[in-house]
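Be aware that the sequence shown starts at 0, since it is given in numbering that gives the first Met the number 0, and climbs by one per residue.
Just so you know, even glycine gets a beta-carbon here, dropped at the ideal spot from N, CA and C.
Everything numeric in this text was worked out from a predicted model, so none of it was measured.
Written out below as structure tokens is the structure these notes cover.
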Amino acid sequence: MPASSTTVFDQPAALMAWSDAQRVAGRTVALVPTMGALHDGHLALVAEARRHADVVVVSIFVNPLQFNRSDDFDAYPRPLDDDLALCREHGVDAVYAPRAAAMYPPGFATHVEPGPLGELLEGAHRPHHFRGVATVVAKLFGAARPHVAVFGQKDFQQLAVIRRMAGDLDMGIEIIGMATVREPDGLAMSSRNRRLSPAERAAATCVPRSLQAVADALSRGVAGTAELAAVGRAVVQAEPLARFEHLEIVDADTLQPLTTIHDRAVAVTAVWFGQVRLIDNRLLAAGRPA
0 MPASSTTVFD QPAALMAWSD AQRVAGRTVA LVPTMGALHD GHLALVAEAR
50 RHADVVVVSI FVNPLQFNRS DDFDAYPRPL DDDLALCREH GVDAVYAPRA
100 AAMYPPGFAT HVEPGPLGEL LEGAHRPHHF RGVATVVAKL FGAARPHVAV
150 FGQKDFQQLA VIRRMAGDLD MGIEIIGMAT VREPDGLAMS SRNRRLSPAE
200 RAAATCVPRS LQAVADALSR GVAGTAELAA VGRAVVQAEP LARFEHLEIV
250 DADTLQPLTT IHDRAVAVTA VWFGQVRLID NRLLAAGRPA
């Protein structure tokens with residue numbers, strides 16, 4: 000059911016006051032952090048948040064601290080009016096859409112360092128990315144005062160970093176990870192997909208197909224992670240429009256590389272199509288896909 004109204008905030012103090020009022024009234028608050036360009040995957044997060052709390056806040060902020068390339072930041076879609084309409088349609092109680100100056104005012108100098116989890120995988124390819132992620136999420140938590148925050152598992156390492164941060168810093172926020180929402184052809188839903196050309200969009204199905212190939216090989220008895228990764232890599236490298244970056248099989252909790260599969264293994268990958276970088280992952284278990 001749509002909310003009777005969706006309140007839009009662009010200043011942290013105003014959102015803090017609103018959220019504190021919800022708490023005083025005995026209502027629980029859920030936060031769904033996004034960078035906008037909302038799609039059905041985000042809306043699934045909103046629905047999940049509603050199952051865990053009385054009121055739902057969606058944040059919309061394209062965070063400059065987590066981009067390594069200015070052209071990528073500049074090209075990121077920002078259809079704010081469309082996003083607000085979707086939030087109203089889907090019963091979001093409040094939207095937090097601050098400008099960069101409200102998030103990072105002059106003199107801002109404090110950053111959250113995520114430690115080893117932020118240096119592996121994506122962090123190795125995108126230096127300081129997870130410092131930017133952890134910093135902005137900490138600020139969003141501070142402004143929204145949520146009891147619960149919901150994130151998609153497509154950004155698997157991000158979810159791990161945020162869980163660690165929330166636990167290490169005693170934030171008292173339940174972090175919920177939700178399974179990746181996919182298009183009918185298997186491509187993980189992502190705001191970046193809209194930047195793909197039609198030919199690139201068709202080619203991008205090699206990403207989920209590569210992970211499926213890994214799971215299939217595991218089911219056939221291939222147990223070595225190097226061999227499994229090679230199977231997935233070959234699927235991507237057979238696609239002329241794809242530029243393979245990495246596919247690794249790691250422990251789902253520590254993100255450390257594995258040599259053999261166990262019940263908490265995950266295959267994570269990143270592939271380029273032109274100037275668009277897509278990521279995906281698949282949980283694996285010994286002898287079967289999870």
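Counting every other CB atom within 10 Å of its CB across the protein chains shown gives Ser-18 a total of 16 or more, marking it as buried.
Secondary structure of His-245 (DSSP, three-state): strand. Membership of Pro-197 in any beta strand (DSSP E) is not indicated; the residue belongs instead to the alpha helix (DSSP H) covering 197-202.
Taking 4 residues as the shortest admissible run, the segment 126-194 contains the following complete alpha helix (DSSP H) segments, listed from N- to C-terminal end: 128-143 and 155-167. When secondary structure is reduced to three states using DSSP, Asp-279 falls in the strand class.
Note on geometry: alpha-carbon atoms of Phe-155 and His-89 lie some 25 Å from one another. Apart from the 5 residues on each side of it in sequence, Leu-246 sits with its Cβ closer than 7 Å to the Cβ of Ser-209, Ala-228, Gly-231, Arg-232, Ala-266 and Thr-268 in its chain, given in chain order.
With a threshold of 16 other beta carbon atoms within 10 Å, Ala-237 falls short and is exposed. The C-beta of Gly-273 has fewer than 16 other C-beta atoms within 10 Å across all chains shown, which makes the residue exposed. By the neighbour-count criterion, in which 16 or more other beta carbons inside 10 Å mark a residue as buried, Gly-220 falls on the exposed side. Taking Gly-114 as reference, the option from Gln-157, Met-102, Arg-144 and Ala-99 with the minimal CA-CA separation is Gln-157. When the alpha-carbon of Leu-277 is set against those of Ala-100, Glu-47, Ile-260 and Ser-190, the nearest one is in Ser-190.
Each of Arg-68, Ala-100 and Val-147 was checked against the Cα of His-124, and the nearest Cα belongs to Arg-68.
Per the C-alpha coordinates, the member of Lys-138, Asp-167, Gly-176 and Val-135 positioned closest to Ala-148 is Gly-176. Rounded to whole angstroms, the gap between the alpha carbons of Val-111 and Val-61 is 18 Å. Per DSSP, Thr-224 lies in no beta strand (DSSP E); the unbroken alpha helix (DSSP H) holding it starts and ends at 224-236.
By the criterion of a C-beta distance shorter than 7 Å, Phe-66 is surrounded in its chain by Phe-72, once the five residues flanking it on both sides are discounted. In the DSSP annotation of this structure, the continuous segment of the alpha helix (DSSP H) that includes Pro-207 starts and ends at 205-218.
For the set Arg-22, Leu-83, Ala-48 and Pro-63, the Cα lying nearest the Cα of Phe-8 is the one of Leu-83. In this structure, the CA atom of Pro-11 is about 8 Å from the CA atom of Gly-141.
As the crow flies, the alpha-carbon of Asp-92 is around 48 Å from that of Ala-222.
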